[in-house]
Structure formats: structure tokens, C-alpha cells
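Novice:
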Amino acid sequence: MARKLNLRIWRGDSTDGGLKDVQVDVNEGEVVLDVIHRVQATQMGDLAVRWNCKAGKCGSCSMEINGKPRLACMTQVASFDENETITITPLRAFPIIKDLVADVSFNYKKAMEIPAYEPPKNLAPGEARMEQIDVERSQEFRKCIECFLCQNTCHVIRDHEENKKSFAGPRFFIRIAELDMHPLDILKNRKRTAQEEHGLGMCNITKCCTEVCPEHIRITDNAIIPMKERVVDIKYDPARMFAGLLKREKRN
Amino acid sequence: MSGVFSPTRANIKERTLRTDKWWLEPAITFGVLFSFVIYATFRAFEGANYYKDHLISPFYSPCLSEACVPEATIFGWTPVSAQIFNFALSPALIILIFPLGFRMTCYYYRKAYYRAFWLSPPACAVAEPHTKYTGETRAPLILQNAHRWFFYAGLVFNVFLTYDAIISFKSVEGEWGHMSVGTVVLLVSSTLLWFYSLSCHTCRHTIGGRLKHFSAHPVRYKLWTWVSALNHKHQQFAWYSLAGVAFADIYVRQVATGAWTNFYFF
């Protein structure tokens, strides 16, 4: 049975904008994206919203619902109190384009800065073999749907625009971790570039990326902290530095 | 104007639109950690009431100072002077830097105090008050990378504290094979510390996480899976072990001052 739902939806663009109140019908079992579509169909024909699969797999409908970065298609209206007004805004870490659509191109630029997988030179395409236990570790990271909710909630760039040039963000730290943990990847300097070029050291482990990930990837525990530890191995571990010196001494 | 108030972003005046009690967790964390720091500081400077009848407070173990009660030392070994620059130093002050450093640089506590004390950020999607942020890239926060060294020191401390728990199986007269409430308190405290240390992210990395090729190192892989299982509970072990250590110290102090009687089971 339909009931009335009170919404506040952010409308505007890069010049100005604000929250607009609207009341809309909602049916049992509907998600926030359903009611946004109903608002679009019945009251705000020009409301801009990005969406695609409606199944939590494309990562398009990322927005902030009552201040929390979430996928609109995976947020049940029933999870809110019946009398509660639900506030819907675009992602607040990225430039606004229109209404609920933010410009997430920052992430694609950062993606291009991460060097791709580099296979061993003596392996022809199709010859690479890996055991399941080696694959499993990075399979978790491959669940990423690139919704960029982790990027959006990360305070390093959300609260500090100036850090965007030097910080890749959690989504790309899991990409770097996946490649650095890949047994066949031969690119040697991923740890050093993670720290010196992609801003791993700026992360202060507050775990918001993990909290908002709709795929429940343990971004901090399984990617960022292991990468920080790998950086410690090469940059901040005197015992390993000493062992490295001894090795070099022997070779000479 | 920076951050969420940058001119290119959606024009929203509020620092956050969250409607849940996002402030509750950092507030509780602040309250508990602050209380612990106050208590630990008082105890570290007290320099007394840390030993009674084979029970030694974890704040004072290993007792390495010449100022230590002889029974609290390890076979009478006291390599550190009781005074440094004419300043009487409590035995706790000599050693507390190690457990303190381990917890201060712990990946879990970093999350807890960055949120609760430094508000960086206070909670997810709640704008922080700072205008600049460089994270752990420069001094002093770059020292967080020393966590590994405090982890190794922490393991050594766990050995001492486990030894203390074993010693507490002695009666007041010094005979083995007795057990008191104090024994249980020290055993629980040292066991929780082992769980806290072994569930640590650095332990997970050292034991096998640094490997690129799990299938080539089956034993280390197996150990890594065990530590990973513990690592899921690292946050809980961090709190339980903190509470365990605090209670063990309170218990020993109360027994040492005569406020509580250490009841012997057998």
C-alpha cells in the first residue's frame, strides 16, 4: 500500500543550488532510487540523476542519503522511520554538474596514473598460471564496482581539495595492492610509488572507506594497511635496511 | 573555502547532513581513552603500591630500576639508576614508553584517536575542522611507521607479563602450586595482551602478509590465515587488553594498599 514520503532533494548546478522539499508516494519494498524516479516522472521532469543497473553492481547511483554516502538502488526506504524526511544530495567530494550528478572524472584520471599489470617477459599470452590461494587474495579487490563512495567519503580529499593532486584515494590503493600482491607482476617499484606519488602516507586509517563500501571490501585492513607495511619494509625498517646493506656488501 | 565548501561542489551549508548519532562513538572513545591516560599517568608517577606477595602490576613490569622493590625485579637485575639528572624516576616511567608506543602507533588506535581526539575526521562524511592536512607524511606523524619496532618490544613485554602471571601461582610464603584471584587477574590480562599483539596488522604482515606468492610458502600462508582470523577482532582485543591491564593494575594497587584482600583458591 502506498504512503507519502517526505524528501529533500538537492537541486542546482555549479553556480548555485539548494535543498527542495517534495512529497512523493512510496510503495512497500521500494528503494530510494525508485522514489527518485517517481519524483522525476511526476514532479521534477528535469531532475538529473545517474543510474544504470538498479542491482548494486554498476556503481552509478552513488549519492548521499541523510548525509551518508550510499548507493540509492541498495537503500531501502523502509530502513528509515516512516515520518522521517530523507535528505538526498550529490556526492560532496566532487565538483557538481547538476542536481544529483557529480563530476567523478578525478577518479578516471587517477586510474590512468596507476601502472598496469606487467607479466614476466618469458610468458606468452595464455601461459600464465596461478594457484587458487594466490588468486583469492586479489579477488576481494576485484569485487570493486567503482561506485567511488570510498573516494567520496575519504576526508583526505573530501575535506581538502588541494590534496587531490597528490592523493589517489582508497579505490586506487586497492588496485595498487592487488598488483603488488600479484605473484606474476614484475613491476618492482609499486610500494615506493604508492608512498611517494600516490599519497599512501596521507591516509590516517580512519576506515571510512571500508565503512561505506557496498561490496564490503575490507579496504583498510586488506589493502591500505598491508601496503603501508610494505612501504615500512622498504623505507622505515632499519633491520631490513641493514640486511640489505649486508647483502650488497657480500655481492660486491 | 575548502573541502565540502569548495566553490565547485554542491552548495550545501551544513558540515554534515547525517541524522544518526555519529558523535556518540568518538565521544565514548574520547571519554574512555582520556580516563585511561589520566589514571595511567597518576600510576606511572606514583612509584609505589605496585607489588604485593608475588603480584606485580603490569605498569611496573619488568621492574628495571634500582628503586624497585627487590621482590619485583627479575632475579635482582636493576640496570637503570633510580635517579636521572637528580630526578627520582618512577620504575614505570622507564618502561611505559614501549607499551604506550605500541598502542599509540597501533592501526586500530590510530583510527580511534584521530577521530575522537583530533577530529580528523570526527566521523565518516562529517567535515573536519582543520584547514590543512598532510596525514602521516611528515613529522611527527611519520613516526607512526615505527609501529613494527614497538610490536617487537611488545612481544618481549608479553613474555615478562606472562612470567609475572606464572610467578603469581606462589603462595604468600613463596611456595608453588597456589592460586589466588590475583593469579586469575594477571593470567587474563597477559592472555589478552597476547591476543592483542598476535592480532596486530604488523604481526599479520610479518608472518606472511608481505609475501607475494602464498602457494610457494604454505606454512607461512597457513600462519597468515590464523593471524588474519585474529586480526578481524583486533579492535575488540585492543579494548579488552586495555581494560585487562588497567584492572590488573587497579587490583594489585588495591591489594598493595590493603584495601582489598587477595583471596586464595588453594
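Protein chains in written order, with our numbering: chain S, 1 to 252; chain F, 1001 to 1266.
Cβ coordinates follow ideal geometry from the N, Cα and C atoms, glycine included.
1) Would DSSP call ALA1256(F) helix, strand or coil?
2) Would you mind telling me which residues of chain S sit closer than 7 angstroms to GLY1003(F), beta carbon to beta carbon, in chain order?
3) Beta-carbon of TRP51(S) versus every beta-carbon of chain F: anything under 8 angstroms?
4) Going by C-alpha to C-alpha distance, which of MET112(S), ASP185(S), GLU82(S), ASN152(S) sits closest to LEU123(S)?
5) Is HIS1213(F) close to chain S? Criterion is C-beta to C-beta, closer than 8 angstroms.
6) Quick one: is THR1244(F) buried, meaning 16 or more other Cβ sit within 10 Å of its Cβ, or exposed?
7) In whole angstroms, give me the CA-to-CA distance for PRO222(S) and LEU1223(F).
8) So for THR1008(F), helix, strand or coil by DSSP?
9) Determine whether the Cβ of CYS1324(F) lies closer than 8 angstroms to any Cβ atom of chain S.
10) Measuring CB atoms only, is the region 205-217 of chain S touching the region 1097-1112 of chain F, in the sense that at least three cross pairs come out at less than 8 angstroms?
11) Thinking just about the alpha-carbon of each residue, which of SER1241(F), GLY1135(F), PHE1030(F), ALA1125(F) is nearest to the one in PHE1102(F)?
12) For chain S, is any of its Cβ atoms less than 8 angstroms away from the one on LYS1111(F)?
13) Is the shortest distance between the beta-carbon of TYR108(S) and the beta-carbons of chain F less than 8 angstroms?
14) Residues of chain F with CB under 7 angstroms from THR206(S), in chain order?
15) Tell me, please, whether the region 223-240 of chain S touches the region 1155-1164 of chain F by the rule of three or more beta-carbon pairs shorter than 8 angstroms.
16) For a cutoff of 8 angstroms on Cβ pairs, would you count SER14(S) as touching chain F?
17) In whole angstroms, what separates the C-alpha of VAL31(S) from that of ALA1238(F)?
18) Anyone know if the C-beta pair for MET130(S) and PRO183(S) falls short of 8 angstroms?
19) Considering Cα atoms alone, identify which of ALA1153(F), VAL1184(F), TYR1152(F) is closest to ILE1167(F).
20) For the ligand NAD, I want to know if TYR1251(F) counts as a neighbour, meaning its beta carbon is within less than 7 angstroms of at least one of the ligand's heavy atoms.
21) Roughly how many angstroms lie between the CA atoms of GLY45(S) and HIS37(S), to the nearest whole one?
22) Can PHE1045(F) and PHE1098(F) be called in contact, C-beta distance under 8 angstroms?
23) Using a C-beta cutoff of 8 angstroms, does ALA1229(F) count as contacting chain S?
24) Around the Cβ of MET63(S), are there at least 16 other Cβ atoms within 10 angstroms (buried) or fewer (exposed)?
25) Would a check of beta-carbon distances place GLU64(S) closer than 8 angstroms to chain F?
26) With the cut-off set at 8 angstroms, would you say LEU187(S) and GLU118(S) are in Cβ contact?
27) Comparing C-alpha positions only, which one of GLU161(S), TYR108(S), TRP10(S) sits nearest to CYS147(S)?
28) At a Cβ threshold of 8 angstroms, is GLY1135(F) touching chain S?
29) Can you tell me whether ASN83(S) is buried or exposed? The criterion is at least 16 other CB atoms within 10 Å of its CB, across all chains shown.
30) Anyone know if the C-beta pair for LEU1193(F) and LEU1230(F) falls short of 8 angstroms?
31) Taking just the CA atoms, how far does VAL135(S) sit from GLY126(S)?
Specialist: Concretely, from the data shown:
1) In the structure shown, ALA1256(F) sits in a helix (DSSP, three-state: H, G or I).
2) Near GLY1003(F) (Cβ distances below 7 angstroms), the residues of chain S are ARG158, ASP159, HIS160, GLU161.
3) Taking Cβ atoms only, chain F never reaches closer than 8 angstroms to TRP51(S), which makes this a no.
4) The shortest C-alpha separation from LEU123(S) is found at ASP185(S).
5) The beta-carbon of HIS1213(F) is placed less than 8 angstroms from the nearest beta-carbon of chain S.
6) Note on identity: in this sequence residue 1244(F) is Gly, with Thr being the wrong assignment. That one is buried.
7) Checking the sequence, you will find Asn at residue 222(S) rather than Pro. Each residue's alpha carbon lies about 16 angstroms from the other.
8) Reduced to three states, the DSSP call for THR1008(F) is coil.
9) Examination of residue 1324(F) is not possible in this model, given that chain F is present from 1001 through 1266 alone.
10) Yes: at least three Cβ pairs fall under 8 angstroms.
11) Here the closest residue by C-alpha is SER1241(F).
12) LYS1111(F) counts as touching chain S.
13) Cβ-Cβ to chain F under 8 angstroms: no for TYR108(S).
14) Within 7 angstroms Cβ-Cβ: LYS1111, TYR1114, ARG1115, PRO1121.
15) Inter-segment contact for the region 223-240 of chain S and the region 1155-1164 of chain F is absent: fewer than three beta-carbon pairs are separated by less than 8 angstroms.
16) It does: the Cβ of SER14(S) has a partner Cβ on chain F nearer than 8 angstroms.
17) If I take the Cα positions, the gap works out to 38 angstroms.
18) In terms of Cβ geometry, MET130(S) and PRO183(S) form a close pair [threshold 8 angstroms].
19) Checking every option, the nearest Cα to that of ILE1167(F) belongs to VAL1184(F).
20) In terms of ligand content, the structure shown is empty, and the ligand NAD therefore cannot be addressed.
21) Each residue's Cα considered, the two are about 9 angstroms apart.
22) In this structure, PHE1098(F) does not lie closer than 8 angstroms to PHE1045(F) by Cβ.
23) So no, ALA1229(F) is outside the interface.
24) When all chains shown are included, MET63(S) counts as buried.
25) True, the Cβ-Cβ gap to chain F drops below 8 angstroms.
26) Taking the C-beta atoms as reference points, GLU118(S) is found nearer than 8 angstroms to LEU187(S).
27) For CYS147(S), the closest C-alpha among the options GLU161(S), TYR108(S), TRP10(S) is that of TYR108(S).
28) Taking Cβ atoms only, chain S reaches closer than 8 angstroms to GLY1135(F), which makes this a yes.
29) Under this definition ASN83(S) is an exposed residue.
30) Result no, Cβ atoms of LEU1193(F) and LEU1230(F) do not sit closer than 8 angstroms.
31) In a straight line, the C-alpha of GLY126(S) is about 16 angstroms away from that of VAL135(S).
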